[in-house]
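**Student:** Sharing a structure with you now.
Protein chains: 2
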Amino acid sequence: MRMSEFLHKDSLGPVVEQDMHKDFGEDGFKLECGETLPALDIRFETYGTLNETADNVVWICSPLTADAHVAGFHSKEDKHVGWWDALIGKGKAVDTDKFFVVCSNILGGCKGTTGPASINPKTGKPYGSKFPKISIGDMVRTQKVLADYLGIKHIYAVIGGSMGGFQAMKWGIFYPDFIERLVIIASSPRFSSQALGFEIVARDVITQDPNFNGGDYYESEFPRIGLANARKLAHITYLSAEGMEQKFKRAAAKEAHTKATQAYATPFDMNIPLESYLRYQGAKFVERFDANSYLQIAHATDTFDLESEYGSLEKAFEGIHADVLNINLSSDWLFPPDESRKITTAFLNTKKNITSLEYDTAFGHDGFLIEGNKLGKSIGRFLNVSNSKSKTSNISTIFSDGVALKLLQNFIKENDRILDLGCGDGSLLATLKAQKNVQGIGIEKDETCILSCIHKDVPVLQKDLDKGLNDIAENSFDLAILNRTLQEMRDPLGLLQEILRVAKYVAITFPNFGNWSVRSALLFRGRMPKSKELPYEWYNTPNIHLFTLRDFTRLCEKQGLKIEKMVIDNDDALSKGLTAIGLKNLGAERVLAIISKKDL
Amino acid sequence: MRMSEFLHKDSLGPVVEQDMHKDFGEDGFKLECGETLPALDIRFETYGTLNETADNVVWICSPLTADAHVAGFHSKEDKHVGWWDALIGKGKAVDTDKFFVVCSNILGGCKGTTGPASINPKTGKPYGSKFPKISIGDMVRTQKVLADYLGIKHIYAVIGGSMGGFQAMKWGIFYPDFIERLVIIASSPRFSSQALGFEIVARDVITQDPNFNGGDYYESEFPRIGLANARKLAHITYLSAEGMEQKFKRAAAKEAHTKATQAYATPFDMNIPLESYLRYQGAKFVERFDANSYLQIAHATDTFDLESEYGSLEKAFEGIHADVLNINLSSDWLFPPDESRKITTAFLNTKKNITSLEYDTAFGHDGFLIEGNKLGKSIGRFLNVSNSKSKTSNISTIFSDGVALKLLQNFIKENDRILDLGCGDGSLLATLKAQKNVQGIGIEKDETCILSCIHKDVPVLQKDLDKGLNDIAENSFDLAILNRTLQEMRDPLGLLQEILRVAKYVAITFPNFGNWSVRSALLFRGRMPKSKELPYEWYNTPNIHLFTLRDFTRLCEKQGLKIEKMVIDNDDALSKGLTAIGLKNLGAERVLAIISKKDL
């Protein structure tokens, strides 16, 4: 097998670039800046087959400097595959046997879609400095032109990473009835000031290159040095500090410079791999990208700011109908997790079905390109949710005899909004959804559990409860469920208060440390008790704030909380007996209580 | 009061710039690169008075682009004071009534000390591209020339932040007997790869400015644009993402551009304050700094790498005699806390007296300049330690009747190395030092406690024990003391194993959850017990892994740990009685055990 065959063995191909052209006549194609373009050229690729109802579409939005070639290979000699090949293909997360996948080169770029190097029909010369300013919205409207041209009636999912995430959000805002699902990866509602600072420096470095000439350089020397330096700078922001440290250990042998980089050597060079690496990145970029396109697209990202545009993120997302999967990357500092979380929060507070994931990676922002396999796990499940609503899962683990579950089911009304804190694999919410059509959202730390939730179509936020709920708006849920986790929290009282801020009622279950078997273990054996309910050793137990039923009722009194309902659940005969004769604190093994603030 | 009087009211002044010149004859002043300089000019400032023994000196090392003007004002019209004025002056942390303070402009700079713009006596023209490459070591040796010129016999403390920290470490390495104390702030053993990446881009941006001309531009146009862009880039790395976000809220009114920045406006400008701010930083810098100096000094920092130079950080620090205070800043990502901690670790593992502090700031790397008052708290105490060794503190809080303390004192040998985990205000270590001349180091989270330790001259590391001890070398202590904190740890067993890796013996004290009063509270009241030993509510107790004396002895058996000594300490009569008749697990209120690995 030849090297290229090996590279291509899991990939689609050969795939082909396609082009469309549309004239917009007198009116032109209107841009958000107020100017118009007389016509649009769009270069794109498609994989898979559009079905008869023209609705099996997965639309990929390209990030800043990528292009339409998102998967597969163009010819057998290709040494590369598309930039998200790990994610898209036969049997992959975005399965081309099932979906019709489209990706286009973005407006303002330099790879076949109309951009500053295109010929201005009015002058017969490249637009250059005359190319109008474009926006993320313009990019999306251009893509809609392509969707219409392809006869697409409905998009099942729009997927975008980085600036592609900006476009995905705009797709959801502009065409709410056209789209079922949105996947947003390593993105944010706008650039941070720090990211914007780097953008400003990169822009100045390009526009102050003596060859830039205000953007009209197509008939002379290109501003290569400025563009290369801008790229070196940007490239550092795509990597993480940790990733760079691993890659460029200073102790590493001093590699020979490549030819491309020797040309840029300075008397202050240290002859370290990092120098040649950055210069290579700059030189390579200059070969494949146009400075005006870079400035145009960067300007579109710099000015993207949903909060300023719509008044608030919530107002921006209000009309979106799609279910959303939002993923952030731990070491991404260009689109930092905290910025990405604002997207999640706004979807949550506009009562959308939002699932959020926090991926651990050392690759920084570039992780959204490199970690295709990892991303595929959640994206694949999100695109292929199990629709068998009849299959209610086995949730007997919650309370063995079902008394508590029955109480909970009776308490819940149709269409209630429910927050399940520590929701595990989503079984309870899936069951409640099937039975009562509730809108449930889970919170869970564990990734495997979260993947199960996604597969069950249960929205879930990856989150550590110890970090609080301050991103969730007041009274946004009818009921919160806290199943056996209160005693594991760093600050149980603080969490309880937080939960009662966001939900009207809280259903809470806990093991009773006052149970007779617990007391006697300490009394007679003089050791920290272990039991079916408390199976850990003292030094490794997650149950760091144990309490008794009486402790709990006293706390409710003190905090002005009303116990609406309470049931006790026991396996043991003595426990059952003690409970039966009213010695609840001695008898109870497990407790379910539904509480509320008294002033309700 | 005029504005400048108000600005100057707590400052020294007027202070004056001073100059020295020294010819080095035939041999020249030898640089680490192998080349020589025929003579040195050094510009410096001094505050306070050198005492008769010429040893009351505090030496300040300048960071990259600062200068000798570290405190006070030059004339009544000055609108600024020196760059570390908050720290240095009458009654301030570096008290000029007590100390003779010196700071010089560094070698390679452009403010009066020999640098690339100085006249090369061989040619009668500025050195320019002919200026030899300088190193941090060269800067320090130049400063030693000044110290000798001033007749200084001994330096009490060298203080340096950022690149000044690089110099401080070199001072300690080069002149171990000359220096008593080192203060290193926001520094690291070398640049991270990320920081170095930005340095490379900045360097390329300057050297590729068409006006740079290889460094020989003094008779033509200066490379102003390149230097300004390099500065804008560097400036972003001095701020934190959080700090920038606070400073440049996108919603902020669009400020008018300053004149200086309008000159650089581009068609892609967004007219936001961040643009004018960065351009102002660039323009201002070009007025006060020379591109060759910037490249020279940056090159010295880029190539500074103690590990490569000496084989390891430990080997670099081995010969240092000084006591060290090392401070990192939470939001500094140019010299990140983790890099700074490597300095602490290396001093710790070469058995120096090292104190480390973690300062919380939103100012990023610039915090070392801006947070002068905050830094002054620890630096002031570090320079003015209490020498009254007779004053042993009140440490009765450890064990009420002193039985445990006596056991501990008997167990400890003269000159033992002791690690006190959770050392509080350092009283115990101060007492043990006075009595047994131990070399003690504390670990503590709380800043107020740490300041007390510093004042008592007890070395202490600011550290969260839950984050482990993996930076401490094996068997580096004779004894570790863990006073009433094991039950507060997230992972008590893991910590215990870690402690026994770094220390031969562990003296551990804990409250006994098996005490009769605890048991009866749970038995008869059915509530989580509260007592003098356990004063918290179940939901807010830091004691998250309670255990009984029996639990503890069983754990020791299981883990193969030997209990060398044990004493029980009680207040309560019944507890005393129960202990006396051998019912220790029922009787003990508090326990001190000294344990070791069995194979000792």
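Sequence lines, in order, name chains F and Z. Under my numbering, read the first sequence as residues 10 to 609, first letter to last. Under my numbering, read the second sequence as residues 10 to 609, first letter to last. Note that CB positions come from ideal geometry on N, CA and C, so glycine has one too. Please read all numbers here as calculations on a predicted model, not as lab measurements.
Compute the Euclidean distance between the alpha carbons of F/Gln27 and F/Phe377, then round it to the nearest angstrom.
**Tutor:** Counting from 1 along the first sequence, the entry for residue 27 of chain F is found at position 18. Counting from 1 along the first sequence, the entry for residue 377 of chain F is found at position 368. Rounded to whole angstroms, F/Gln27 to F/Phe377 spans 26 Å at the Cα level.
**Student:** Is the stretch 214-230 of chain F in contact with the stretch 360-370 of chain F, if contact means three or more CB pairs nearer than 8 Å?
**Tutor:** Contact between the stretch 214-230 of chain F and the stretch 360-370 of chain F is absent, because fewer than three Cβ pairs lie under 8 Å.
**Student:** Would Z/Pro544 count as contacting chain F if we go by Cβ distances under 9 Å?
**Tutor:** Position 535 of the second sequence, counting from 1, holds the residue named residue 544 of chain Z. No, no contact with chain F.
**Student:** Using only the alpha-carbon positions, how far apart do Z/Ile128 and Z/Ala48 sit?
**Tutor:** The residue given as residue 128 of chain Z occupies position 119 in the second sequence. The residue given as residue 48 of chain Z occupies position 39 in the second sequence. Near 11 Å, if we compare the C-alpha coordinates of Z/Ala48 and Z/Ile128.
**Student:** Taking 8 Å as the threshold, find out whether the stretch 430-441 of chain Z comes into contact with the stretch 316-329 of chain Z through three or more Cβ pairs.
**Tutor:** Segments in contact, no.
**Student:** Measure the beta-carbon distance from Z/Ala292 to Z/Ala243 and round it to whole angstroms, keeping in mind my assumption that it falls under 8 Å.
**Tutor:** Start at 1 with the first residue of the second sequence, and residue 292 of chain Z comes out as number 283. Start at 1 with the first residue of the second sequence, and residue 243 of chain Z comes out as number 234. About 14 Å separates the two Cβ atoms, so there is no contact after all.
**Student:** Counting only runs of 4+ residues fully inside the stretch 240-321 of chain F, write out the alpha helix (DSSP H) ranges in chain order.
**Tutor:** You should have 250-256, 268-271, 282-297, 300-311 and 315-319.
**Student:** Helix, strand or coil for Z/Trp547 per DSSP?
**Tutor:** What you label residue 547 of chain Z is simply residue 538 of the second sequence in a count that begins at 1. Coil, per DSSP.
**Student:** Give a yes or no on contact between the stretch 32-46 of chain F and the stretch 97-115 of chain F, applying the rule of three or more CB pairs nearer than 8 Å.
**Tutor:** No, the stretch 32-46 of chain F does not touch the stretch 97-115 of chain F.
**Student:** With distances taken Cα to Cα, identify the nearest neighbour of Z/Lys593 among Z/Lys539, Z/Ile603, Z/Asn524 and Z/Ala582.
**Tutor:** As a working note, residue 593 of chain Z is residue 584 in the second sequence. The residue with the shortest Cα to Cα distance from Z/Lys593 is Z/Asn524.
**Student:** Spell out whether any CB of chain Z is found under 9 Å from the CB atom of F/Gly451.
**Tutor:** By 1-based counting over the first sequence, the position of residue 451 of chain F is 442. Chain Z contact via Cβ: absent.
**Student:** Opposite F/Tyr368 in the DSSP bridges: which residues?
**Tutor:** If you number the first sequence from 1, residue 368 of chain F lands on position 359. The partner list for F/Tyr368 (beta bridge, DSSP) reads F/Leu338.
**Student:** Just to confirm the assignment, what range does the beta strand (DSSP E) spanning F/Tyr56 have?
**Tutor:** Taking the first sequence and counting its residues from 1, the one referred to as residue 56 of chain F is at position 47. Start and end: Ala48 to Tyr56.
**Student:** Name, please, each residue of chain F whose Cβ falls closer than 8 Å to the Cβ of Z/Leu242.
**Tutor:** As a position in the second sequence, residue 242 of chain Z is number 233, starting the count at 1. Simply Phe207, Val210 and Leu242.
**Student:** Output yes or no for whether 9 Å exceeds the beta carbon distance between Z/Ile145 and Z/Ala309.
**Tutor:** In the second sequence, the residue the question calls residue 145 of chain Z occupies position 136. In the second sequence, the residue the question calls residue 309 of chain Z occupies position 300. Contact flag set, yes.
**Student:** Helix, strand or coil for F/Asn358? Go by DSSP, reduced to three states.
**Tutor:** In the first sequence, residue 358 of chain F corresponds to position 349, counting from 1. Residue state, collapsed to three classes: helix.
**Student:** Does Z/Thr270 pass the burial test, meaning 16 or more other C-beta atoms within 10 Å, or should it be called exposed?
**Tutor:** Residue 270 of chain Z sits at position 261 when you count from the first residue of the second sequence. Confidence is the limiting factor: at Z/Thr270 the pLDDT is only 48, short of 50, which leaves the residue's position unreliable and the question unanswerable from this model.
**Student:** Helix, strand or coil: how does DSSP classify Z/Gly385 here?
**Tutor:** The sequence position of residue 385 of chain Z within the second sequence is 376, counting from 1. Note: Z/Gly385 maps to helix in three-state DSSP.
**Student:** Under a Cβ-count criterion, where at least 16 other Cβ atoms within 10 Å of its own Cβ denotes burial, should F/His78 be classed as buried or exposed?
**Tutor:** Working through the first sequence from its first residue, we reach residue 78 of chain F at position 69. It counts as buried.
**Student:** Closest to F/Gly137 by CA distance: which of F/Asn335, F/Tyr303, F/Leu392 and F/Asp475 is it?
**Tutor:** Locating residue 137 of chain F in the first sequence gives position 128, where the first residue counts as 1. Among F/Asn335, F/Tyr303, F/Leu392 and F/Asp475, the Cα nearest to that of F/Gly137 is on F/Tyr303.
**Student:** Along chain Z, in chain order, which residues have C-beta atoms closer than 7 Å to that of F/Leu283?
**Tutor:** What you label residue 283 of chain F is simply residue 274 of the first sequence in a count that begins at 1. Within chain Z, the residues near F/Leu283 are Ser202, Leu205, Gly206 and Ile209.
**Student:** Using beta carbons (cut-off 9 Å, strictly below), is Z/His374 in contact with chain F?
**Tutor:** On the second sequence, residue 374 of chain Z is found 365 positions in, with the first residue counted as 1. Chain F, which has no Cβ nearer than 9 Å to the Cβ of Z/His374, makes this no.
**Student:** Name, please, each residue of chain Z whose Cβ falls closer than 9 Å to the Cβ of F/Leu595.
**Tutor:** Working through the first sequence from its first residue, we reach residue 595 of chain F at position 586. By Cβ distance, chain Z contributes Gly535.
**Student:** One question on the structure: do Z/Ala80 and Z/Thr58 come within less than 9 Å of each other, judged by their Cβ atoms?
**Tutor:** On the second sequence, residue 80 of chain Z is found 71 positions in, with the first residue counted as 1. On the second sequence, residue 58 of chain Z is found 49 positions in, with the first residue counted as 1. Result no, Cβ atoms of Z/Ala80 and Z/Thr58 do not sit closer than 9 Å.
**Student:** Is the distance from the Cβ of F/Leu334 to the Cβ of F/Leu470 below 9 Å?
**Tutor:** Counted from its first residue, the first sequence places residue 334 of chain F at position 325. Counted from its first residue, the first sequence places residue 470 of chain F at position 461. No, these two residues do not count as a Cβ contact at 9 Å.
**Student:** Kindly list the residues whose CB is nearer than 6 Å to the CB of Z/Gly569, restricted to its own chain and excluding five residues on each side of it in sequence; keep chain order.
**Tutor:** Indexing the second sequence from 1 puts residue 569 of chain Z at position 560. Result list for Z/Gly569: Lys607, in chain order.
**Student:** Give a yes or no on whether 9 Å exceeds the smallest Cβ distance from F/Phe231 to chain Z.
**Tutor:** The residue labelled residue 231 of chain F in the question sits at position 222 within the first sequence. Cβ-Cβ to chain Z under 9 Å: no for F/Phe231.
**Student:** Which chain F residues are close to Z/Gly523, counting only those with a beta carbon under 8 Å from its beta carbon?
**Tutor:** In the second sequence, residue 523 of chain Z corresponds to position 514, counting from 1. Per Cβ cutoff of 8 Å: Leu531, Gly535 and Arg536.
**Student:** I need the straight-line Cα distance from F/Asp225 to Z/Glu230, nearest angstrom please.
**Tutor:** Numbered from its first residue, the first sequence carries residue 225 of chain F at position 216. Numbered from its first residue, the second sequence carries residue 230 of chain Z at position 221. Using only the alpha carbons, I get a separation of about 25 Å.
**Student:** Measure the alpha-carbon distance for Z/Leu116 versus F/Tyr247 and round it to whole angstroms.
**Tutor:** Along the second sequence, read from residue 1 onward, the residue named residue 116 of chain Z stands at position 107. Along the first sequence, read from residue 1 onward, the residue named residue 247 of chain F stands at position 238. Each residue's Cα considered, the two are about 35 Å apart.
**Student:** Should F/Gln255 be labelled buried (16 or more other beta-carbon atoms within 10 Å of its own) or exposed?
**Tutor:** The residue you call residue 255 of chain F lines up with position 246 of the first sequence. F/Gln255 is exposed by the Cβ-count criterion.
**Student:** Quick one: grab the DSSP three-state call for F/Tyr165.
**Tutor:** Taking the first sequence and counting its residues from 1, one reaches residue 165 of chain F at position 156. It is a strand residue.
**Student:** Look at the alpha carbon of F/Val467 and the alpha carbon of F/Asp347, and state the distance between them as a whole number of angstroms.
**Tutor:** In the first sequence, counting from the first residue as 1, residue 467 of chain F sits at position 458. In the first sequence, counting from the first residue as 1, residue 347 of chain F sits at position 338. Their Cα atoms are separated by approximately 23 Å.
**Student:** Classify F/Phe15 as buried or exposed, calling it buried when 16 or more other Cβ atoms lie within 10 Å of its own Cβ.
**Tutor:** Taking the first residue of the first sequence as position 1, residue 15 of chain F is located at position 6. By the 10 Å Cβ count, F/Phe15 comes out exposed.
**Student:** Taking Cβ positions only, does Z/Lys142 come closer than 9 Å to chain F?
**Tutor:** Mapped onto the second sequence, residue 142 of chain Z falls at position 133. Judged by the 9 Å Cβ criterion, Z/Lys142 is in contact with chain F.
**Student:** Starting from the beta carbon of Z/Met279, find every residue of chain F whose beta carbon is closer than 7 Å, and list them in chain order.
**Tutor:** Position 270 of the second sequence, counted from the start, is the residue given in the question as residue 279 of chain Z. Correct list: Asp311 and Thr312.
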